[in-house]
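K.L.:
Heads up: the protein sequence lines correspond to chains A and B, in order.
Under this note's numbering, residue 80 is the last one in the first sequence; the count climbs by one each step, no gaps.
Under this note's numbering, residue 369 is the last one in the second sequence; the count climbs by one each step, no gaps.
Pasting a structure below so you can have a look.
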Amino acid sequence: MNISTGLLEFLASRTKRTWEPDEDLFASGVVSSLFALELVVHLEKAYGVEVEGEYLSLENFRTVNAMEKMVLELQAATP
Amino acid sequence: MTDALGAARALLTDRIGDLGDEWDRAGAVPVALLRELGAAGVLCAQLSAEDGGLGLSSVENGELTAHLGTLCGSTRSVATSHGMAAWTITRIGSRKQRAAFLPRFTSGELAAVAFSERGAGSDLSAMDTRIRRDGDDVVVSGEKVWITVAAYADLIVVFGNYDNGSGDGAAAVVVPTDTPGVEIERVPDPMGCRAAGHATVRFTDVRLPADHLLGAAGASLSLLVSSALAYGRLSIAWGCVGILRGCRQEAAAHARSRTQFGKPLAEHQLVAEHLAELYVAEQVATRVSEHAARCWDDGSPDQVTAVVLAKHVAATQAAAGAARAVQVLGSAGARDGHPVARAYRDAKLMEIIEGSSEICRVLLAGAA
């Protein structure tokens, strides 16, 4: 399963609704900043990356596409 | 119990023993002892071995924190802040910053985390503290209040608004307390955790090399603060387990040894109810804290809400439980210098710090 599909499934299971890959999670009001921290923890566990330092920007969690891009960057940078 | 946890528990028991009440009345824990405990790794025992720590799991660190919470709430409070400072650097710092700062946490140096200001308690978006880049430096200006451990600290992780000239955002900076422009003034006579070194800290154009600015500079304030507070909240929850453990032991021992109306207090049903409710409170606080710690160890996203739940439930139970313990002991416990009187004062603070009970309820409502 690719990252985008996995994230869409995770979001659906946590928020009880479906999402589009480019949909703004925070603008919807459904996703809080506390939920953003849940996303951080999920990404680290599911994709074996460390979301540290400069990556802790809400912009990186605003859409599924943004999260996928960040995970791919982090995976590429992992030694 | 692992060898590392057993050794850490034994060290705390040996060094603290029954001195918690003496330190509470004096308003200070001997700094040399705190440095010894820090160097032994027990004040941030969850720090990985790679970063110089004991590498305990969250569940193990929780049990150690509960033990410390039973012995001395002030020293537990020091461990909560010191551990939260280490966790903050782990979470939002870069690999290079981890390597630079984290070994200091197990070298005998002490650390604090600074969030609150006079106009910014529960609402940290109202912070006035400014953190700005100036060439190869970073400059910190502002005032923080009620900073636990600050009176003892060598390092303070300071949160503030990041002023980089290109928009909103927050940042955290690691500030050595011997830097020019740092002024520390103890909070006189705090209600609880009296020996935890609470202080007001003023930063007047404090200039540091830019590598002291943690890597997430310019990030979301709420995400940074939530990340940092996660450790502190779970540590508080376990500290409350320790308070309840101590209160249950003191109340039960007193109720079984003191006789009134021809039989032990424990055989009077209204007193027995207090003992039963203390047992329930301790068990509830322990189970909810264990659940959060297991989520943490498993890397489950459920940890975020579980930590808030644990903090809220354990703090509420500790405040109510400590009041019951004082009631059972009566005049025997109603004086400074008795563990249940100290627990009663310490427990009330637990409902206020690291997210008040009201803020926790707001967060939990969002998870409903």
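C-beta: ideal position from N, C-alpha, C; glycine also.
None of these values were measured; they are calculated from a predicted model.
Starting from residue 367(B), find everything on chain A with Cβ-Cβ shorter than 9 Å and list it in chain order.
P.N.:
33, 35 and 36
K.L.:
Does residue 82(B) come out as helix, strand or coil in the three-state DSSP assignment?
P.N.:
helix
K.L.:
For residue 264(B), list the residues DSSP reports as bridge partners.
P.N.:
261(B)
K.L.:
Using the DSSP secondary-structure output, state which residues sit across from residue 161(B) in a beta bridge.
P.N.:
172(B)
K.L.:
Among 263(B), 232(B) and 306(B), which has the Cα closest to the Cα of residue 89(B)?
P.N.:
232(B)
K.L.:
Would you call the CB atoms of residue 22(B) and residue 302(B) closer than 8 Å?
P.N.:
no
K.L.:
Report the option in 45(A), 14(A) and 29(A) whose CA atom is closest to the CA atom of residue 75(A).
P.N.:
45(A)
K.L.:
DSSP on residue 253(B), reduced to helix/strand/coil?
P.N.:
Residue 253(B): helix per DSSP, three-state reduction.
K.L.:
Beta strand (DSSP E) containing residue 200(B): first to last residue?
P.N.:
200-210
K.L.:
On the three-state DSSP scale, how would you describe residue 179(B)?
P.N.:
DSSP places residue 179(B) in coil when its eight states are reduced to three.
K.L.:
Here's a check: name, in chain order, each residue in its chain whose Cβ is nearer than 7 Å to the Cβ of residue 126(B), leaving out the five neighbours to either side.
P.N.:
222
K.L.:
Under DSSP, the beta strand (DSSP E) around residue 299(B) begins and ends at which residues?
P.N.:
Residue 299(B) -> not in any beta strand (DSSP E); alpha helix (DSSP H) instead, spanning 270-299.
K.L.:
CA-CA distance, residue 123(B) and residue 193(B)?
P.N.:
For residue 123(B) and residue 193(B), the distance between alpha carbons rounds to 19 Å.
K.L.:
Just to confirm, is the Cβ distance from residue 267(B) to residue 257(B) under 8 Å?
P.N.:
yes
K.L.:
Per the DSSP calculation, residue 145(B) is bridged to which residue(s)?
P.N.:
Answer is 202(B), bridged to residue 145(B).
K.L.:
Touch check for the segment 197-211 of chain B and the segment 242-257 of chain B: three-plus C-beta pairs under 8 Å?
P.N.:
no
K.L.:
Should residue 172(B) go down as buried or exposed, given a rule of 16 or more other Cβ atoms within 10 Å for buried?
P.N.:
buried
K.L.:
Which runs of the alpha helix (DSSP H) fall wholly inside the segment 4-54 of chain B and span at least 4 residues, in chain order?
P.N.:
Fully contained in the segment 4-54 of chain B are the following alpha helix (DSSP H) runs of length 4 or more, in chain order: 4-17, 21-27 and 32-40.
K.L.:
Does residue 174(B) have its Cβ less than 8 Å from a Cβ in chain A?
P.N.:
Output row for residue 174(B): interface = no.
K.L.:
What are the residues in the segment 103-114 of chain B lying within 8 Å of chain D by C-beta distance?
P.N.:
Going by chain labels, chain D is absent from the structure shown, which instead holds the protein chains A and B.
K.L.:
Under 7 Å between beta-carbons, which chain A residues line up against residue 224(B)? List them in chain order, please.
P.N.:
Within chain A, the residues near residue 224(B) are 34, 37, 38, 57 and 59.
K.L.:
Could you tell me which chain A residues have their CB closer than 7 Å to the CB of residue 220(B), listed as they occur along the chain?
P.N.:
57 and 58
K.L.:
Alpha carbons only, please: which of 355(B), 358(B), 328(B) and 356(B) is nearest the one belonging to residue 344(B)?
P.N.:
Nearest option by C-alpha distance: 328(B).
K.L.:
In terms of DSSP beta bridges, what is residue 124(B) paired with?
P.N.:
Its beta-bridge partners do not exist; DSSP assigns none.
K.L.:
At least one CB of chain A closer than 8 Å to the CB of residue 56(B): is that the case?
P.N.:
no
K.L.:
Counting only beta-carbon separations shorter than 8 Å, does residue 17(A) have a partner in chain B?
P.N.:
no
K.L.:
Look at the alpha carbon of residue 321(B) and the alpha carbon of residue 59(B), and state the distance between them as a whole number of angstroms.
P.N.:
26 Å
K.L.:
Name the chain A residues whose beta carbon is nearer than 7 Å to that of residue 210(B)?
P.N.:
Chain order gives no chain A residues near residue 210(B), where near means a beta carbon separation below 7 Å; the closest approach is about 17 Å.
K.L.:
I need the straight-line Cα distance from residue 203(B) to residue 334(B), nearest angstrom please.
P.N.:
38 Å
K.L.:
At a CB-CB cut-off below 8 Å, which residues of chain B make contact with residue 42(A)?
P.N.:
300, 301, 302, 304 and 305
K.L.:
Between residue 4(A) and the rest of its own chain, which residues show a CB-CB distance below 6 Å, the 5 nearest in sequence each way excluded?
P.N.:
Cβ neighbours of residue 4(A) beyond the five flanking positions: 69 and 72.
K.L.:
Would you mind reading off the limits of the beta strand (DSSP E) that contains residue 132(B)?
P.N.:
131-135
K.L.:
Please report the distance separating the alpha-carbon of residue 319(B) from that of residue 67(A).
P.N.:
43 Å
K.L.:
Using a C-beta cutoff of 8 Å, does residue 69(B) count as contacting chain A?
P.N.:
no
K.L.:
With a threshold of 16 other CB atoms inside 10 Å of the CB of residue 4(B), please say whether the residue is buried or exposed.
P.N.:
exposed
K.L.:
Taking 8 Å as the CB-CB cut-off, is residue 126(B) touching chain A?
P.N.:
no
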